[in-house]
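Student: Same order as they appear, the protein sequences are chains A and B. Following this note's numbering, the numbering of the first sequence begins with -4 at its first residue and continues without gaps. Following this note's numbering, the numbering of the second sequence begins with 59 at its first residue and continues without gaps. What follows is a structure written as structure tokens; I'll ask about it next.
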Amino acid sequence: MPSAMVKLDDSEAELMPERALFLRGVRALVVADLHIGKSESYRRFGVPSADGIDEETLERLGRAAMRAGAKVIVVVGDLTHHADGIGEAEMERFARFRERIMLPIRLVEGNHDRGSRSLPPEWMVDRVGARFALGGMRFEHEPPEVAAANWTISGHLHPMLSVARGARSVEAPAFVVDRARKCVILPAFSKFTRGVRLEPRASCELFAIAEGTVVGPIGGAA
Amino acid sequence: MSARPSGAACFSAEQWFASRAWIPHAFQREAWRRFHDGESGLIHVPTGSGKTYAAYLAALEEVAAANPRGAAVIYVSPLRAVARDIELALRAPVEELGLRVTVGTRTGDTSSRERARQREALPNVLVTTPESLTLVLASDRVEEILGGVRAVIVDEWHELMSSKRGVQVELALARMREIAPALRTWGLSATIANIGDAARALVGVGREASVVHAEMPREIDVKSLLPDSVERFPWAGHLGLTMLKPLIGWLDPAVSTLVFTNTRSQAERWHAAIQWERPEWRDVLAIHHGSLEREERERVEAGLKDGSIRIVVATSSLDLGVDFSPVERVVQVGSPKGIARLIQRAGRSGHRPGARCEVLCVPTHALELVEIAAARDAVARREIEERHGWRAPLDCLVQHMVTRALGGGFEADALFSEVRTTASFATLERADFDWCLELALCGGRTLSSYPQYHRIARGEDGRYGISTRRAAQLHRLNIGTISADASISVAFVGGKRLGSIEEGFIARLEEGDAFHFAGQVVEFVRVHDMTAWVRKARRADLVPRWNGARFPLSTALAAAVRRTLDEARRGEFRQPETRLAEAVLREQIALSALPAPDETLVEFCESREGAHLFVYPFAGRLVHEGLSVLLALRIARLKPATFAISMNDYGIELFAEHGFPFEELFSRGLFTRETLVADLLEAVNLGELSKRQFRDIARVAGLVFQKYPGAERSGRQVQAGAGLIFDVLREFDPANLLLRQSEREVYERQFEGGRLAATLEQLECGKLCIARPARPTPLGLPLVADRLGTTLSTEGVLARLEAIIGACSAQ
């Protein structure tokens, strides 16, 4: 079983190696920071970048949704990178993805989304503002400073586990489960990202994704 | 420069010298004669001895007589900062005799008004930089503008020839030889060992290169400032301030002094420490290095010249342009790492004719005592290093193709023959040439759908020209980027720019982190619009680290170090530095051994930390970088492992977990040269080397634009390290041409002078001295202490992660 299971109060959440979280009770697939069009933004500025990044992002999203049997996809911010990165190819690619994956998509706005113009209607993305609630969970792009009554699922920071011991060192995208703040921070869904590097610590549990397997908890009180 | 002055049309160097009561040196007369005989070559003389006039005056005689229109003499200097001083020197005879010759400067600092005037016609005598010369080549009237050039004089050729800017000069000269029939090229060079190679690179393949020597030996005294005992002296590191107080005791603001360091971080650190100890020197103490704003550097240079600044802590940024700011005393902090560099720096002191020059070396750790003693020996024997140019750097070729497309276009076959007349591209293969053409035409696979990367286009007549006006504009903006660092600006919030700093350092900073920069303490606020904004702070805990700024130990100095260590092995301690280091060297012998000059020392050691393998080829850090990843890869093939790798000028260390059987796996076969290229590339890919190379290459080849019209406004969404782009390309487009070139360049650089191959041969066939010390030795400790986190692993991420978690929970 490459996923890891965590209990968030009464809810069961599956941390998936596709960089997604699946809430079993409400069958919601939660992802953050897809940064669609980032590659294109770079090229428009003359920085070389590879083709196929968004393609891979969407393919993985579809795969995770089907594998989990999701009924809804919640994006907790930064679906797109910047308005200037959404060209015809990006429009077309996402529309094709929507022909295949017709689940409702709820977008909690992130800092990058606020800068972009309204999304094309054929993307069928339901913008739900800065906060959203579902099945006793809160969804908000930036992690809360203090715990709310319910658990919050966030993104924004692109957490990476960074750990070294002796000659070995590993950097890998990671989920952060912070029980004191009642908050889960998702790894960036896009692979074209760098983020906050976290060493294992007592205050939170880290679940790292390595070679298709979620490994954890690493650190935490246990 | 106004209308041409009227006056005497004829000029004689001899008469002008006589009018000033100067007597020409024999080498000056020889240079003048050879120029008139139509020869090209190199003038090889110590600094400060009149080589500028040796190269220039014969050309001026011709120009004054011929009274041409447009450029006739081009003087190329690697330093913009001294262009003004050079112009004054070149102008002196013209003004004194009222010659009908115009003299002017064109560099990146030249005003747009002046440029516009120069577009009509260049001055007869033009002072310029390699970048600005290349910009002239990119003009569509280049044949008309440069067709009448009789002389190109290249200053500081010993420095230029081993950089990519030197390649730029070689390519420009190849072009000019085609369009200027009367052209003669003369270089000016300080002492290097392979002066013939340097001369040949300048005149082009298959042409006669003359060398004019002027041996005017000056006595050079290498002294050192020694600690009382070596006991409290550190064994490693290069920033050590142990000798700070003795140095401050020796410094005297009444005597102008240059304090040379080897790195910019070291300069910042020593400047801050001196200022802290001697706040009253505030106005007369200054810092100078290549990352500072030009205005600040010029202020310091001017202050040094007029005497208002007395003590300058500097890096090699003050190595050049020596004729223009002499000082009385010179200090070298740390090992000079090369003999020629030490001689050149020493040459700045005691500038009165006939005076001895003297340099005071300040060791920062115990092994530097040995290097200083060795350097003194090598200076006495005048064992100078060779300098080598770059062999066929394709990024420079791509840039040159676009330049040529702009400068009237080119035919592929003709350009191929032309670039092969340069020493750098003499053995260029046609396939590589076509590869570059392809890159300039369409940018390779990932970029082929983007018109801005189609920089040149093939016309119906088969000639290549520039594709669009935008491509032309971008190229002109970025021609200067060969020399630029991968860096971003540093500026005070709402205020003055301080200079630039490497992106990698800034990326690790958090808001509020304070660091030394430009001789001040500043606090990081944020990065915005490609600028790191800072404010003044009180205390700093960080000194910026600039990558790649450390010189490798030169072959000549390495050989001298090995000789000095051999003396110690035989129980001889005849110099003050080695006497002081005696205890350390005896400890090395007791624990392990000191190698004889024909031996390589290998140490196997199991410490509390884990298992170590040390190998000491004394081949300099660049070669060791290649050797260490190669050895790590080959051992890890025998047994999957993860190694931490460390290297310095003396040797390398591979470090693994407890019980790793280094000795069992070790054999001569590990050093075979047979699969060298393939193995090195594989190792380089597993390691981080090519990633570091990537950014520079992408920029020089014009694929990442540093300056982009309009980009100042909204560059925020594209702020990312080149490392990330590299990773993405590697995963999604592994065949990308840029990646291939980064590998290639790492490979070329490690092969500098065949030093890596020679080192491997020595390891495979020469004598080894094997030791099994109980703990890391004095030679090994610096490697253990300096481990910088380079690793090489043949284990997967998951295996590594599980091993780490296992090790943590076992505790």
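Note that CB positions come from ideal geometry on N, CA and C, so glycine has one too. Bear in mind that the values here come from a model prediction, so they are computed numbers and not experimental data.
#1: Compute the Euclidean distance between the alpha carbons of Leu195/B and Phe291/B, then round it to the nearest angstrom.
#2: On the CB-based measure, 16 or more other CB atoms within 10 Å of its CB, does Gln531/B come out buried or exposed?
#3: So Glu228/B and Ser482/B are in contact, right, with Cβ under 8 Å, and what is the actual spacing, rounded?
#4: In chain A, what lies closer than 8 Å to Cys866/B by C-beta?
#5: What span of residues does the beta strand (DSSP E) with Gln390/B cover, start to end?
#6: Identify the residues that DSSP records as bridge partners of Ile68/A: which are they?
#7: Check the C-beta distance from Leu696/B over to Leu723/B and give it rounded, since I have them as a contact under 8 Å.
#8: Determine the extent of the alpha helix (DSSP H) in which Met86/A is found, giving its start and end residues.
#9: State yes or no: is the beta carbon of Ala694/B nearer than 8 Å to at least one beta carbon in chain A?
#10: Taking C-beta pairs closer than 9 Å, name the residues in chain B that Thr147/A reaches, listed in chain order.
#11: Does the CB of Ile524/B have a neighbour CB from chain A at under 8 Å?
#12: With Gly331/B as the anchor, note down where its alpha helix (DSSP H) starts and where it stops.
#13: Which value, in whole angstroms, describes the spacing of the CA atoms of Val420/B and Ala179/B?
#14: Express the C-alpha separation of Asp624/B and Gln777/B in angstroms, rounding to a whole number.
#15: Only counting runs of 3 or more residues, tell me where the beta strand (DSSP E) segments fall wholly within the segment 633 to 678 of chain B, in order along the chain.
#16: Would you tell me roughly how many angstroms separate the C-alpha atoms of Ala331/B and Asp571/B, rounded to the nearest one?
#17: Drop a sphere of 10 angstroms on the beta-carbon of Arg78/B, count the other beta-carbons inside from all chains shown, and report buried for 16 or more, exposed for fewer.
#18: Residues in the segment 142 to 170 of chain B with C-beta within 9 Å of chain A's C-beta atoms, listed in sequence order?
#19: Using CA coordinates, which residue listed in Gly365/B, Leu688/B, Thr249/B and His670/B is at the minimum distance from Gly396/B?
#20: Residue range of the alpha helix (DSSP H) that Asp143/B falls in?
#21: If we cut at 8 Å on Cβ distances, does Gly854/B have a partner in chain A?
#22: Should Gly447/B go down as buried or exposed, given a rule of 16 or more other Cβ atoms within 10 Å for buried?
#23: Just the chain B side, please: which residues come within less than 7 Å of Arg109/A by C-beta, in chain order?
#24: Relative to the alpha-carbon of Arg666/B, which residue among Arg692/B, Arg627/B and His716/B has its alpha-carbon at the smallest distance?
#25: Along the chain, where does the beta strand (DSSP E) that runs through Trp244/B open and close?
#26: Where do the N-terminal and C-terminal ends of the alpha helix (DSSP H) with Phe291/B fall, by residue?
#27: I think Ala203/A touches Ile213/A, with their Cβ atoms under 8 Å apart; what is that distance to the nearest whole Å?
#28: Should Ile540/B go down as buried or exposed, given a rule of 16 or more other Cβ atoms within 10 Å for buried?
#29: For Arg527/B and chain A, any beta-carbon pair shorter than 8 Å?
#30: So Arg355/B contacts chain A; which residues on that side make the cut at Cβ distance below 7 Å?
#31: Using a Cβ cut-off of 7 Å, pull out every chain A residue sitting near Arg858/B, in sequence order please.
#32: Please state the DSSP three-state secondary structure of Met11/A.
#33: For the beta strand (DSSP E) containing Glu568/B, name the first residue and the last one.
#34: Going by Cα to Cα distance, which pick from Met61/A, Arg88/A, Leu16/A and Gly57/A is closest to Glu35/A?
#35: Suppose you measure from the CA of Leu302/B to the CA of Ala143/A; what does that come to, to the nearest Å?
#36: Can you tell which of Asn106/A, Val158/A, Val171/A and Cys178/A has the C-alpha that lies nearest to the C-alpha of Val141/A?
Tutor: Reading it off the structure:
#1: For the purposes of this step, residue 195/B is identified with residue 137 of the second sequence, where counting begins at 1. For the purposes of this step, residue 291/B is identified with residue 233 of the second sequence, where counting begins at 1. Spanning the two alpha carbons is a distance of roughly 55 Å.
#2: As a first step, residue 531/B must be located in the second sequence, where it is residue number 473. Answer is exposed; the Cβ neighbour count stays below 16.
#3: As a first step, residue 228/B must be located in the second sequence, where it is residue number 170. As a first step, residue 482/B must be located in the second sequence, where it is residue number 424. At roughly 5 Å, the Cβ-Cβ gap stays under 8 Å, so Glu228/B and Ser482/B are in contact.
#4: To locate residue 866/B, count along the second sequence from 1; it is residue 808. Neighbours of Cys866/B on chain A, chain order: Arg160 and Pro195.
#5: Within the second sequence, residue 390/B is the residue found at index 332, counting from 1. Segment Arg387 to Val391, the beta strand (DSSP E) holding Gln390/B.
#6: By one-based count along the first sequence, residue 68/A stands at place 73. Per DSSP, Leu24/A and Ile100/A.
#7: What you label residue 696/B is simply residue 638 of the second sequence in a count that begins at 1. What you label residue 723/B is simply residue 665 of the second sequence in a count that begins at 1. That pair is a contact at about 5 Å.
#8: Counting from one through the first sequence, the residue named residue 86/A turns up at place 91. Here the alpha helix (DSSP H) through Met86/A covers Glu83 to Arg95.
#9: If you number the second sequence from 1, residue 694/B lands on position 636. Ala694/B does not count as touching chain A.
#10: Position 152 of the first sequence holds residue 147/A. Near Thr147/A there are no residues of chain B at all, since even the closest Cβ is about 24 Å away, more than 9 Å.
#11: Along the second sequence, one-based indexing puts residue 524/B at 466. Not an interface residue.
#12: For the purposes of this step, residue 331/B is taken as residue 273 along the second sequence, with counting starting at 1. Looking at the sequence itself, residue 331/B is Ala, so the reference to Gly does not match. In this chain, the alpha helix (DSSP H) harbouring Ala331/B covers Arg322 to Glu335.
#13: Within the second sequence, residue 420/B is the residue found at index 362, counting from 1. Within the second sequence, residue 179/B is the residue found at index 121, counting from 1. The alpha-carbon atoms of Val420/B and Ala179/B are separated by roughly 52 Å.
#14: Translated into positions along the second sequence, residue 777/B becomes position 719. Translated into positions along the second sequence, residue 624/B becomes position 566. Residue placement at Gln777/B is poorly supported in this model, since its pLDDT is 41, which falls under 50; the coordinates still yield a value, given next. Between Gln777/B and Asp624/B, the C-alpha separation is close to 52 Å.
#15: Complete beta strand (DSSP E) runs here, min 3: 657 to 664 and 669 to 674.
#16: Walking along the second sequence from the start, residue 331/B turns up at place 273. Walking along the second sequence from the start, residue 571/B turns up at place 513. Taking the straight line from one Cα to the other gives about 19 Å.
#17: Position 20 of the second sequence holds residue 78/B. That one is exposed.
#18: none
#19: Numbered from 1 along the second sequence, position 338 holds the residue referred to as residue 396/B. Closest by alpha carbon: Thr249/B.
#20: Taking the first residue of the second sequence as position 1, residue 143/B is located at position 85. It spans Ala141 to Glu154 - the alpha helix (DSSP H) in which Asp143/B sits, taken as one unbroken run.
#21: As a working note, residue 854/B is residue 796 in the second sequence. Yes - at least one Cβ of chain A is within 8 Å of the one on Gly854/B.
#22: Against the second sequence, residue 447/B aligns to sequence position 389. So Gly447/B ends up on the buried side.
#23: For the purposes of this step, residue 109/A is taken as residue 114 along the first sequence, with counting starting at 1. Within 7 Å Cβ-Cβ: nothing; Arg109/A doesn't reach chain B, min ~13 Å.
#24: Here residue 666/B is taken as the residue at index 608 of the second sequence, counted from 1. The residue with the shortest Cα to Cα distance from Arg666/B is His716/B.
#25: Against the second sequence, residue 244/B aligns to sequence position 186. Per DSSP, Trp244/B belongs to the beta strand (DSSP E) from Arg242 to Ser247.
#26: Reading the second sequence from its first residue, position 233 is the one you call residue 291/B. Run containing Phe291/B: none; DSSP gives neither H nor E here.
#27: For the purposes of this step, residue 203/A is identified with residue 208 of the first sequence, where counting begins at 1. For the purposes of this step, residue 213/A is identified with residue 218 of the first sequence, where counting begins at 1. 6 Å between Cβ atoms; contact.
#28: If you number the second sequence from 1, residue 540/B lands on position 482. Because the pLDDT at Ile540/B is just 43, under 50, the model does not fix this residue reliably, and the value given afterwards should be weighed accordingly. Buried is the call here.
#29: Within the second sequence, the letter at position 469 stands for residue 527/B. Output row for Arg527/B: interface = no.
#30: Taking the first residue of the second sequence as position 1, residue 355/B is located at position 297. The premise fails here: Arg355/B is roughly 29 Å from chain A at the closest Cβ pair, so nothing lies under 7 Å.
#31: For the purposes of this step, residue 858/B is identified with residue 800 of the second sequence, where counting begins at 1. Within chain A, the residues near Arg858/B are Arg163 and Val165.
#32: Counting from one through the first sequence, the residue named residue 11/A turns up at place 16. Reduced to three states, the DSSP call for Met11/A is strand.
#33: Locating residue 568/B in the second sequence gives position 510, counting from the first residue. From DSSP, Glu568/B is part of no beta strand (DSSP E); its letter is neither H nor E.
#34: For the purposes of this step, residue 35/A is identified with residue 40 of the first sequence, where counting begins at 1. The shortest Cα separation from Glu35/A among Met61/A, Arg88/A, Leu16/A and Gly57/A belongs to Arg88/A.
#35: Start at 1 with the first residue of the second sequence, and residue 302/B comes out as number 244. Start at 1 with the first residue of the first sequence, and residue 143/A comes out as number 148. Straight-line Cα distance between these residues: approximately 55 Å.
#36: Position 146 of the first sequence, counting from 1, holds the residue named residue 141/A. It is Cys178/A.
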